[in-house]
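Going by full-length UniProt numbering, the first residue of the sequence shown is number 1, and it counts up by one from there. Working notes, structure below.
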Amino acid sequence: MSQHAAPDGAGPLVRPYAMTHGRTRPSSDNFDLIALVVAADGPVSTEGLEPEHRGILNLARQPVSVAEISARADLPVGVVRILLDDLRVRGAVQVRSPMSGAKAPTKRVLRAAINGLRAL
């Protein structure tokens with residue numbers, strides 16, 4: 001992995017393509033920004049994982065969104081998606097996609113719920 005010092009002295013800089021080994025897309029499209037990621041139960045071998053993978057696993061001890069992982073890890077979303085795909089393939093994380101529009105409650109149901117709460 002090639003590291004260079006950042007021009008402002010902020011520390012080492014690793015190019016995104018180095019973290020992803022040149023890949024630009026994950027093998028699946030289920031890494032929506034609001035998809036929840038959680039580390040798999042039980043022991044997972046971290047042998048061969050990059051530090052960024054380990055950092056993501058640490059963040060995913062509790063359910064966390066892809067966007068939140070990107071922000072907390074200070075990594076571009078595209079890189080996070082590829083690293084998550086690596087972890088998913090290993091069985092190290094589970095991804096829970098957001099609810100589709102077909103499963104979302106209708107406006108009528110939401111209004112009925114609001115009206116019911118107001119009546120309390």
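Every residue gets a Cβ at the ideal spot worked out from N, C-alpha and C, and that includes glycine.
Option nearest residue i by Cα separation, candidates the options
{"i": "Asn58", "options": "Val109, Leu87, Ser97 and Lys103", "result": "Leu87"}
{"i": "residue 158", "options": "Arg108, Pro63 and Ala119", "result": "Coverage of the chain is limited to positions 1 through 120, which leaves residue 158 absent and any answer about it impossible."}
{"i": "Gly42", "options": "Val93, Ala67 and Val89", "result": "Val93"}
{"i": "Thr46", "options": "Lys107, Leu33 and Arg90", "result": "Arg90"}
{"i": "Arg72", "options": "Leu83, Arg81, Ile82 and Ile56", "result": "Ile56"}
Alpha-carbon to alpha-carbon, residue j and residue i
{"i": "Arg54", "j": "Arg61", "result": "11 Å"}
{"i": "Glu52", "j": "Ala119", "result": "50 Å"}
{"i": "Leu75", "j": "Gly116", "result": "43 Å"}
{"i": "Arg96", "j": "Val38", "result": "8 Å"}
{"i": "Val109", "j": "Leu49", "result": "46 Å"}
{"i": "Lys107", "j": "Phe31", "result": "27 Å"}
{"i": "Ala113", "j": "Pro98", "result": "21 Å"}
{"i": "Val44", "j": "Glu68", "result": "22 Å"}
Outcome for residue i when other beta-carbon atoms lying within 10 angstroms are tallied against a minimum of 16
{"i": "Asp85", "result": "buried"}
{"i": "Ser70", "result": "buried"}
{"i": "Arg111", "result": "exposed"}
{"i": "Ile82", "result": "buried"}
Whole-angstrom C-beta distance between residue j and residue i, which should lie under 8 Å
{"i": "Val66", "j": "Ala104", "result": "Actually they are not in contact, since the Cβ atoms of Val66 and Ala104 sit about 19 Å apart, beyond 8 Å."}
{"i": "Leu33", "j": "Val79", "result": "Actually they are not in contact, since the Cβ atoms of Leu33 and Val79 sit about 14 Å apart, beyond 8 Å."}
First and last residue of the uninterrupted alpha helix (DSSP H) at residue i
{"i": "Leu120", "result": "No alpha helix (DSSP H) holds Leu120; DSSP gives it neither H nor E."}
{"i": "Ala67", "result": "Val66 to Ala73"}
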